[in-house]
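So the structure is just underneath, and the comments pick up after that.
Residue numbers (my numbering): 1275 to 1589.
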């Protein structure tokens, strides 16, 4: 693997103040991220927002080496505007480049207060150690670095020409945030939306995900950027919300007949007769679905989404 595979994706932005960077690399297993799968096309985007007063780097990808490439690109700034950094959440592919912004390159790192808790936890340290054992050439330089500025609900960054509203957007995980730039009608949704489907990680995230997607829709954005999926269409919000509502509808139909067992929930997609192919077909009526579809990953994610929604309805 090269030192970094970060590239600029100009077609993702219609405004020069918004720059999109994309990293493409090996997809690791969704089951505790313990090993490779057959698909090697994982992509994750991060963004640079440039205002009159500062620049904001949104997410730090998976390694400090990735940030070195981006920093080299953005360091060519005659105005020498201050650089701020933010994490949309603490997941490994969004925050493991944080350590680049320490020492001589120290920059404030902004995130939800629970993101700091996660990055200081033993669980995340164990996850990193597992990665470093499995992929020593990829993750040897990663040092978990928590944010330095945190907030619980909302934080407004006044940039002069642009105001960036950071707000709590849980569902994918408790510490997830999103960014709204009203002047551009632009929503940075990160992992809260995704093609062909976003991920819920536990039962507690179900109601939060519905609420977050409904909030996104109420903003009426003209463009939406997400971390995985390569789309800019605001229709992705309705596509994802429709997906979760369809799962809820089918789960309720099953519950009218019987209570599923744990064994039933191991094959949750079959239980409610909602295959990944049908999900992709439904979504493709509203948004473009990238090919090839990462079937091992999204099949597992889809099954988990159904399991958590079923358990939420049963609780």
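In this text, a Cβ means the ideal position worked out from N, Cα and C, and glycines have one as well. Model, not experiment: these values are computed from the prediction.
query                                                                                                                                                                       : result
Taking its Cβ as the centre, do 16 or more other Cβ atoms sit within 10 Å of residue 1533, making it buried, or is it exposed?                                              : exposed
Let me confirm a value: residue 1584 is counted as buried when at least 16 other C-beta atoms fall within 10 Å, else exposed. Which label applies?                          : buried
Once you ignore the five residues that flank residue 1400 on each side, which residues in its own chain have a CB closer than 7 Å to its CB?                                : none
So, with DSSP's three-state summary, where would you put residue 1409?                                                                                                      : coil
Give the DSSP bridge partners of residue 1425, in chain order.                                                                                                              : 1386
The alpha helix (DSSP H) with residue 1484 in it runs from where to where?                                                                                                  : 1479 to 1493
According to DSSP, residue 1317 sits in a beta bridge with which residue or residues?                                                                                       : 1298
Output the boundary residues of the alpha helix (DSSP H) element that contains residue 1528.                                                                                : 1509 to 1529
What's the gap between the Cα of residue 1404 and the Cα of residue 1369?                                                                                                   : 16 Å
What's the C-alpha gap between residue 1286 and residue 1398?                                                                                                               : 31 Å
Under 8 Å by Cβ, that's how I've got residue 1512 and residue 1588 pegged, so tell me the actual separation to the nearest angstrom.                                        : Wrong, their Cβ atoms sit about 27 Å apart, outside the cutoff.
Is it true that the stretch 1428 to 1435 meets the stretch 1462 to 1477, where meeting means three or more beta-carbon pairs spaced less than 8 Å apart?                    : no
Could you check which residue in 1365, 1551, 1390 and 1358 has the C-alpha nearest to that of residue 1237?                                                                 : Because the chain is modelled from 1275 through 1589, residue 1237 falls outside the range shown and cannot be assessed.
DSSP puts residue 1454 in a beta bridge; with which residues?                                                                                                               : 1439 and 1461
What is the residue span of the beta strand (DSSP E) that residue 1418 lies within?                                                                                         : Counting along the chain, residue 1418 falls outside any beta strand (DSSP E), and DSSP gives it neither H nor E.
How far does the beta strand (DSSP E) with residue 1282 in it extend, from its first residue to its last?                                                                   : 1280 to 1282
Return the chain-ordered list of same chain residues with a C-beta closer than 6 Å to the C-beta of residue 1500, the five sequence neighbours on each side being excluded. : 1463, 1467 and 1468
DSSP state of residue 1567, grouped into three classes?                                                                                                                     : coil
Unbroken beta strand (DSSP E) runs of length 3 or more, entirely within the stretch 1327 to 1374: which are they?                                                           : 1329 to 1332 and 1357 to 1360
Let me know the secondary structure DSSP gives residue 1323 once reduced to three states.                                                                                   : strand
With DSSP run on the structure shown, which of helix, strand or coil describes residue 1553?                                                                                : helix
Within 10 angstroms of its Cβ, does residue 1388 collect 16 or more other Cβ (buried), or is it exposed?                                                                    : buried
State buried or exposed for residue 1442, treating a residue as buried only when at least 16 other CB atoms are found within 10 Å of its CB.                                : buried
Taking the alpha-carbon of residue 1410 as reference, which of 1437, 1391, 1337 and 1465 has the nearest alpha-carbon?                                                      : 1337
Taking its Cβ as the centre, do 16 or more other Cβ atoms sit within 10 Å of residue 1352, making it buried, or is it exposed?                                              : exposed
Could you tell me the alpha carbon to alpha carbon distance between residue 1395 and residue 1572, rounded to whole angstroms?                                              : 27 Å
Taking the C-alpha atoms as reference points, what is the distance between residue 1539 and residue 1520?                                                                   : 17 Å
Kindly indicate which residue of 1412, 1344 and 1582 has the alpha-carbon position closest to the one of residue 1476.                                                      : 1582
Would you call the stretch 1454 to 1463 in contact with the stretch 1481 to 1500, where contact means no fewer than 3 C-beta pairs closer than 8 Å?                         : yes
Taking the C-alpha atoms as reference points, what is the distance between residue 1446 and residue 1465?                                                                   : 7 Å
What are the boundary residues of the alpha helix (DSSP H) that residue 1499 is part of?                                                                                    : No alpha helix (DSSP H) contains residue 1499, which is instead part of the beta strand (DSSP E) from 1497 to 1500.
I'd like the list of long-range same chain contacts for residue 1305, defined as Cβ closer than 6 Å, with 5 residues on each side in sequence excluded.                     : Bear in mind that a pLDDT of 40 at residue 1305, under 50, signals an unreliable position, so the number given afterwards is only what the model happens to contain. Around residue 1305: no qualifying Cβ.
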